[in-house]
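Read through the structure below, which is laid out as structure tokens, and then see the notes.
Protein chains: 2
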Amino acid sequence: MKTPLLTLLCFIAASASAASLQSPDGAFLLEYQTDSEGVLTYKLGYKGEPVVDQSRLGFELRIEGEQHALNSGFQIVEVIENEFDETWQTVWGEETEIRNHYRERLVRLRQEGSGIELDLRFRLSDDGLGFRYEFPEQSNLRHFVVTDELSEFAMTGDHTAFWIPGDYDTQEYDYTESRLSAIAELFDSAYTENASQTAFSKTGVQTALMLKTDSGLYINLHEAALIDYPAMHLNLNPETLVFESWLTPNAVGDKAYLQAPAQTPWRTIIASDDARDILASRLTYNLNEPCKIEDTSWIRPMKYIGVWWEMITGKSSWAYTDAAVPIKLGETDYTQLPRSERHAANTEHVKTYIDFAAKHGFDGVLVEGWNVGWEDWFGHEKDYVFDFVTPYPDFDVAELSDYARQRDVELIMHHETSSSVRNYERHMDAAYAFMKQHGYNSVKSGYVGNILPKGEYHYSQWLVNHYQYALEKAAEYEIMVNAHEAVRPTGIARTYPNLVGNESARGTEYQAFGGSKVNHVTVLPFTRLIGGPMDYTPGIFEMDMSKLNPENQSHVNSTIANQLALYVVFYSPLHMAADLPENYDRFLDAFQFIKDVPLEWEKSVYLEAEPGRFVTTARQEKGSKDWYLGSVNGSEQRSVSLKLDFLDTGERYTATLYRDAADAHYLDNPQAYEIETIPVSSQSTLQLSVASGGGFAISIVADR
Amino acid sequence: MKTPLLTLLCFIAASASAASLQSPDGAFLLEYQTDSEGVLTYKLGYKGEPVVDQSRLGFELRIEGEQHALNSGFQIVEVIENEFDETWQTVWGEETEIRNHYRERLVRLRQEGSGIELDLRFRLSDDGLGFRYEFPEQSNLRHFVVTDELSEFAMTGDHTAFWIPGDYDTQEYDYTESRLSAIAELFDSAYTENASQTAFSKTGVQTALMLKTDSGLYINLHEAALIDYPAMHLNLNPETLVFESWLTPNAVGDKAYLQAPAQTPWRTIIASDDARDILASRLTYNLNEPCKIEDTSWIRPMKYIGVWWEMITGKSSWAYTDAAVPIKLGETDYTQLPRSERHAANTEHVKTYIDFAAKHGFDGVLVEGWNVGWEDWFGHEKDYVFDFVTPYPDFDVAELSDYARQRDVELIMHHETSSSVRNYERHMDAAYAFMKQHGYNSVKSGYVGNILPKGEYHYSQWLVNHYQYALEKAAEYEIMVNAHEAVRPTGIARTYPNLVGNESARGTEYQAFGGSKVNHVTVLPFTRLIGGPMDYTPGIFEMDMSKLNPENQSHVNSTIANQLALYVVFYSPLHMAADLPENYDRFLDAFQFIKDVPLEWEKSVYLEAEPGRFVTTARQEKGSKDWYLGSVNGSEQRSVSLKLDFLDTGERYTATLYRDAADAHYLDNPQAYEIETIPVSSQSTLQLSVASGGGFAISIVADR
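The listed protein sequences derive, respectively, from chains S and P.
According to our numbering, the first sequence is numbered sequentially starting from 1.
According to our numbering, the second sequence is numbered sequentially starting from 705.
Here it is as structure tokens:
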């Protein structure tokens, strides 16, 4: 179904001009206008309530070396209206097809004096607004520098925000829930330490930003289709409560180098009076271009385990040797160095993981620390830090590839770049070719530490361009990418569905680094996951890190039932079971849910949602009548009454409930769970008690 | 012949210590000492006269995030003495073999308190001193940042210097001859405009720096073996007349990232009381590593013409179209754009160059502007600016390759990067493979404009590393490199003789951009050419640029005889005849010298030399009895009496003299030359008159 409708409205240029646009269902009202100074503003309402108050749009540019303010003197010279309604098929996702229905206004502006043309493209759908700037081909503006983007998002009150510190280099923070007016005073405590971090303002926050008004309106601010442009942050003016766009700069403070015709990413405002609608929104994907990969048959969701958690907890090491010798790739002879007993990525040990994966039906095994260079990989501004093709002497890549293939398991490649991105690009072709040669079809890449060359940031245009380059080149090799510490996703996986995962948030690893907030997983679906799936690496069953490594006193702030729920609540085509095989062997009944839960879905239903409190999601397996249900809870113990009216009427099901025991608690009793099997139907209502930091997971299998 | 001698001297650590070393011939005396504060200094004398006065050595480092001064508290813990005498074969050069004879002191230092070990390696040969810092493997110092190198070169008086402004991005300046004390006041007038330039101090100058003392001592300061380290400039303290090393920074002001064991490039001081010895010195090459390319048979000197001067003068254009459309590689369809009549790199026109090359025995034809992207290549911070493999529609690469091959001519590739170095690296493999596929064996690369990513400079460590990467990767493909706007050479061509040329100075192109100083070519052999050959592109016969392009009022400040002399005076394995074929057709008798002059030499003799005044060089053709002689003159008309006693005694020769006519003058009569053929022998003395901006060239062919 594709029904583009086109209406052309021509305005006479005037000193001031105003117009409005309604969403297809009439709930949203966009208004935009130019005032007597030619300043362009927009505002957005939802069911009669303001979402974003009057907010200015524009830029500071540098054109041919001269600064130019492109934020006033605008005349609307033409408005082109369009309606679009199309349903597209997903390669993977929370559903098999997504409807993209919007009304569009292309507002063509000309600046008096300069004659510069700038277009604003607004797309209003039933879940919210996307707008972007477009610089059409014109003689007045060819190559230019964006020194500042001046997009505003004027808040209508002192909302509650779920925010992380604005940072050019990392999103790996716990979320802080506070009034907007409290961001400045809470900033320092929220700005926890990271291997690479660059804050820019005590009122700077990152997108996707989740907000809730006192009247119960949920607002999400983010961006879509971040291509060849710096990532946008938001800086709050604490007096006016206006958020201003804050682009990530390069080493000399410039933001973006563009050539007309060009456009910015979309700035997105998703809003609803029901928090579940925020999770159901597909605005971010819809604003991205359709899939550019013709044959997507090689893109397959994967459930995997990995030689990873044992290093994260400090039980094992990535490095082959503890010898304090200088490591120089191509010069160091590792066979002459004493091997550390803690080196986990060794052939025999990896075989035990492959065996475990084969036994339990996992698709893949990730192995980190397999390649030379880990002895001094981090924090040294080391340019030639890895070559991505040379295994340590105790890792037999050919033998392991064969071993895995014979057991119908795939090895997952690991490319830690140490943020030496030039070095990665220099080795990329060889590294990808090496992967294909040895049967690896997916790669986890990493960008730990400060970017080389220094002065560039993880989220600057130069790096955004790099991640895209790595992704597109991977597609040429038919390789799936799961990029950690890269820029947070903005729906690009619609266009390049080989981007099967990203980290770009505080993942499970932080549970071994001191722990994350109990309610962290109830916030992520409203923030980080808006742009695309996260390789969150759930499935930790042993919460006491000292059991793995006596020197690690960290505690995983979650119950086992909560961990299980994440496989449903956090949609991802790539899900890890992150704990050690021996910990799963201790809880094989609970582990069964991880084995059973599918990765591909027919559709998804959001049963309960409140950021920071709880999220309950049900998903129907692709091509099946079976459903899987997950619920994660924040710190408040709660009781849930859950109607299963999403099930097919007339169908009978057997539900297996994995839930917190009555005395479960994330802190002192996290492993207390109960498993119960009961018949259910669409008429059923389940009564469940959920622990602090707890959750539940349910498989609902249609009777055959 | 290889006679390494080893002596080990052990010192007892003391509060102060001093020692000295003589060059093999006894002319040079190096003294070094630590004072009571443990400050390390050196001084250098020549025949009893001071060359460099007491000068400090050391660093400012950042180790594990902490600044650390490594410039005092030194104790000499060990001194290792060595003598080395070896003669090595050149792949190309001013002679077939070079003697490398030096005495060496490795002074091993330990800093009190920090325990950091630092070694100073001094090599003293009969032409001067090289020293470098070495950071040995040690537990106290593994990865570290050089925030400053503190090497001093204390001048002993207010010498005359031939200098260009210190700059992180370009060496394309006319030389200024002045007293050291006058540098500051002359700096602004010397700092002429360039597409990319970054001065750092009004007393900053570049190396190779040529100096002359009032007593007639010639001193040259430069560096050798610049690998993975920033290029060094010199900053003069105008009060003390001490030059301090000034390394090129990166975007955040750091200079170098090193990992012990590591070493700096060599800091070189060549000195003599005879200016000719400066030209005869091979210290710079000798301080580089021996050749690392096993099979060098594919490295062949080349004499070439090119589709180039017509663009430089503005007669023709690099760009295919003048249409003001946005050029986006992969999107722009050039076949739909109007072709400019001025686009020189078209198949038919290139064929006329190939015909001319074949007719006159040239090895190669360079073609610039053959590939898509030239319409907006420069000054726009455009990342994806060229792809290096897509020809314009009017350039048939397969047809021209065939056409050239059939005529025993090679096409020379051109890779302008526009300083978008990441883009070049991304395309490098494909670009080199494309070359080999089409029979190109050499590439002229270019780095015009500011470096991308912004903040890096042409001479920073990151870029030095890039040029080396491009060079070594070219060697893998058996490709010769002639890199323009890259860092100035430091003798690396000994190690990688596929580096057959560099620009890195003000080349002939500036004669079409307003003209260069008349005596420019008498300075370059003492400065730029110390580090390696220059693709100077001599051979301009038509000095009036308006004859080529009415809008170009520039004048080439040189006589034709001077242009001919450059083929001998400027040693290069790669020499262009840069003028248009039609201009050579007007002066075929003079052109004969360019056709005759060889590129490979048995040996070289420096007959006369005075920086800024004149240079006269004689070279014997490799494997032949024939000699070629060139002399370039500055602005003062002069008479020369030239003894040919370098010729074989008993041998009879026929000399063909190409010299300025009596009324020749670079400005108003540059094309006045005379050609005379006379018999000569080693007993002969030639009397020659040389015009202002003139010169002479002589072929001396043994009678057979």
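C-beta: ideal position from N, C-alpha, C; glycine also.
If you measure from the beta carbon of residue i to each beta carbon in chain S, is any gap under 8 Å?
{"i": "K1140 (chain P)", "result": "no"}
{"i": "S919 (chain P)", "result": "no"}
{"i": "P965 (chain P)", "result": "yes"}
{"i": "W1166 (chain P)", "result": "yes"}
{"i": "K706 (chain P)", "result": "With a pLDDT of 45 at K706 (chain P), under the threshold of 50, the predicted position of this residue should be treated as unreliable, though the coordinate-derived value follows. Taking Cβ atoms only, chain S never reaches closer than 8 Å to K706 (chain P), which makes this a no."}
{"i": "A717 (chain P)", "result": "Low confidence applies to A717 (chain P): its pLDDT is 43, below 50, so where it sits in the model is not reliable, and the reading given next is rough at best. Not closer than 8 Å to any Cβ of chain S, the Cβ of A717 (chain P) fails to qualify, so no."}
Starting from the beta carbon of residue i, find every residue of chain S whose beta carbon is closer than 9 Å, and list them in chain order.
{"i": "G1159 (chain P)", "result": "N250, A251, V252, P453, K454, G455 and E456"}
Can you name the residues of chain P whose CB is closer than 7 Å to the CB of residue i?
{"i": "N465 (chain S)", "result": "D1087"}
For residue i versus residue j, is the C-beta spacing smaller than 8 Å?
{"i": "W1074 (chain P)", "j": "A1049 (chain P)", "result": "yes"}
{"i": "G819 (chain P)", "j": "G777 (chain P)", "result": "no"}
{"i": "N804 (chain P)", "j": "W792 (chain P)", "result": "yes"}
{"i": "Q1172 (chain P)", "j": "I931 (chain P)", "result": "yes"}
{"i": "F904 (chain P)", "j": "G957 (chain P)", "result": "no"}
{"i": "F866 (chain P)", "j": "P1315 (chain P)", "result": "yes"}
{"i": "L657 (chain S)", "j": "E676 (chain S)", "result": "yes"}
{"i": "A224 (chain S)", "j": "T284 (chain S)", "result": "yes"}
{"i": "N220 (chain S)", "j": "I492 (chain S)", "result": "no"}
{"i": "D1364 (chain P)", "j": "G1398 (chain P)", "result": "yes"}
{"i": "T213 (chain S)", "j": "G157 (chain S)", "result": "yes"}
{"i": "E799 (chain P)", "j": "K1329 (chain P)", "result": "no"}
{"i": "G1243 (chain P)", "j": "I1155 (chain P)", "result": "no"}
{"i": "T1212 (chain P)", "j": "N992 (chain P)", "result": "no"}
{"i": "L1346 (chain P)", "j": "S1386 (chain P)", "result": "no"}
For a contact defined as C-beta to C-beta under 8 Å, what are the partners of residue i on chain P?
{"i": "Y257 (chain S)", "result": "H1084, E1085, K1086 and D1087"}
{"i": "E425 (chain S)", "result": "R1126, E1129 and R1130"}
{"i": "E137 (chain S)", "result": "V1029 and P1030"}
{"i": "D119 (chain S)", "result": "What D119 (chain S) touches in chain P: nothing, since even the nearest Cβ is about 15 Å away."}
{"i": "D429 (chain S)", "result": "D1133"}
Answer with yes or no whether the minimum CB distance from residue i to chain P is below 8 Å.
{"i": "S245 (chain S)", "result": "no"}
{"i": "D660 (chain S)", "result": "no"}
{"i": "A182 (chain S)", "result": "no"}
{"i": "A324 (chain S)", "result": "yes"}
Quick one: does residue i have its CB under 8 Å from some CB of chain B?
{"i": "P1042 (chain P)", "result": "As a matter of chain content, chain B is missing from the structure shown, whose protein chains are S and P."}
For residue i, which residues in chain P fall below 9 Å Cβ to Cβ?
{"i": "V145 (chain S)", "result": "E1085"}
{"i": "R142 (chain S)", "result": "A1028, P1030, D1080 and H1084"}
May I ask you to verify whether the region 409-417 of chain S touches the region 377-389 of chain S, counting CB pairs closer than 8 Å and requiring at least 3? yes
Assess, as a yes-or-no matter, whether the region 301-311 of chain S is touched by the region 350-360 of chain S under the definition of 3 or more beta carbon pairs within less than 8 Å. yes
Is there contact between the region 1026-1046 of chain P and the region 1209-1223 of chain P, where contact requires at least three CB pairs shorter than 8 Å? no
Three or more C-beta pairs closer than 8 Å, one from the region 231-242 of chain S and one from the region 203-212 of chain S: is that the case here? yes
Taking contact to mean 3 or more Cβ pairs, one atom from each stretch, closer than 8 Å, check whether the region 894-904 of chain P and the region 1125-1134 of chain P are in contact. no
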